[in-house]
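Here is the structure we will look at, set down as structure tokens.
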Amino acid sequence: MLRAFPVVILPATEHRPKPVLTRITLNPSMENAMHPFKQALLAVATALTMPLAWAQSTDVTSTRTQASTEQREDRREIREDRREVRDGKGEVRQDRRDIYQDSRDLYQARREGDKAGVQAERREIHDGKTELREDRRNVRDDKRDLFQSRREYRSEYGKPGPRARAN
Numbered sequence: 659m660l661r662a663f664p665v666v667i668l669p670a671t672e673h674r675p676k677p678v679l680t681r682i683t684l685n686p687s688m689e690n691a692m693h694p695f696k697q698a699l700l701a702v703a704t705a706l707t708m709p710l711a712w713a714q715s716t717d718v719t720s721t722r723t724q725a726s727t728e729q730r731e732d733r734r735e736i737r738e739d740r741r742e743v744r745d746g747k748g749e750v751r752q753d754r755r756d757i758y759q760d761s762r763d764l765y766q767a768r769r770e771g772d773k774a775g776v777q778a779e780r781r782e783i784h785d786g787k788t789e790l791r792e793d794r795r796n797v798r799d800d801k802r803d804l805f806q807s808r809r810e811y812r813s814e815y816g817k818p819g820p821r822a823r824a825n
């Protein structure tokens with residue numbers, strides 16, 4: 659027969675962020691061998707040296723909420739990365755439109771024989787292409803961040819999706 663001793667509070671350690679309430683039990687062979695007070699001391703000493711998973715098994719709710727909070731933060735980070743990629747692609751599209759318009763203006767200036775206008779349009783096209791390259795580089799970096807965030811999320815929580823949520 660297992661004898662339950664009063665609830666014991668296991669102190670917080672570097673592996674256990676919060677103190678944990680647990681009930682200590684001893685098996686019959688230990689009970690026969692010692693005085694109950696010595697048994698309780700041994701049980702507390704044993705509980706303090708138990709692995710983290712066992713100690714936290716009595717405190718499931720806080721670890722579950724902590725894990726779900728971290729998971730929500732990770733999902734939020736992935737959403738922000740997606741938004742950055744989408745916005746960057748929009749900037750690239752706009753840069754391409756601007757370059758196209760500048761080239762149309764260049765041809766118009768050439769037709770009119772406006773040398774100053776031709777020079778200005780060439781400069782605008784050059785600046786636009788420089789900006790386009792920079793925006794494309796930023797999109798590449800943002801995509802790399804997004805893929806890295808997804809990879810970390812999958813390694814920690816498994817593959818997201820309807821099947822993962824159903825389990």
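So this note's numbering is basically just the index in the sequence shown, starting at one, shifted up by 658. Ideal placement from N, C-alpha and C gives every residue a C-beta, glycine not left out.
Asked                                                                                                                                                                                          : Found
Just to confirm, is the Cβ distance from glycine 786 to aspartate 756 under 7 Å?                                                                                                               : yes
Assuming lysine 801 is part of the alpha helix (DSSP H), what are its boundary residues?                                                                                                       : 773-815
Apart from the five residues on each side of it in sequence, which residues of its chain come closer than 6 Å, Cβ to Cβ, to tryptophan 712?                                                    : Caution applies to tryptophan 712, whose pLDDT of 48 falls short of 50 and renders its modelled position unreliable; the value that the coordinates give is listed next. Nothing listed; no residue qualifies.
Quick one: is arginine 762 near chain C, going by C-beta distance under 7 Å?                                                                                                                   : In the structure shown, chain C cannot be found, because there is only a single protein chain.
Assuming the contact rule is C-beta atoms closer than 8 Å, aspartate 800 and aspartate 739 should be a hit. Round their C-beta distance to whole Å, please.                                    : 7 Å
Taking C-beta to C-beta, are valine 750 and aspartate 803 nearer than 7 Å?                                                                                                                     : no
Give every residue of the same chain whose Cβ lies closer than 7 Å to the Cβ of glutamine 729, excluding the five residues on either side of it in the sequence, and list them in chain order. : Tyr815
Would you mind giving the Cβ-Cβ distance between glutamate 840 and serine 807, rounded to the nearest angstrom? I have them listed as a contact below 8 Å.                                     : With the chain running from 659 to 825 in the structure shown, residue 840 is simply not present.
In whole angstroms, what is the alpha-carbon distance linking phenylalanine 805 and arginine 781?                                                                                              : 36 Å
Would glutamate 810 be called buried (16 or more neighbouring beta carbons within 10 Å of its own) or exposed?                                                                                 : exposed
Using only alpha-carbon positions, find the residue among Gln759, Val797 and Glu789 that is nearest to glutamate 779.                                                                          : Gln759
Using a Cβ-Cβ cut-off of 6 Å (strictly less than) and excluding sequence neighbours within five positions of valine 718, which residues of its own chain qualify?                              : In this predicted model, valine 718 has a pLDDT of only 48, less than 50, meaning its place in the structure is not dependable enough to derive any value.
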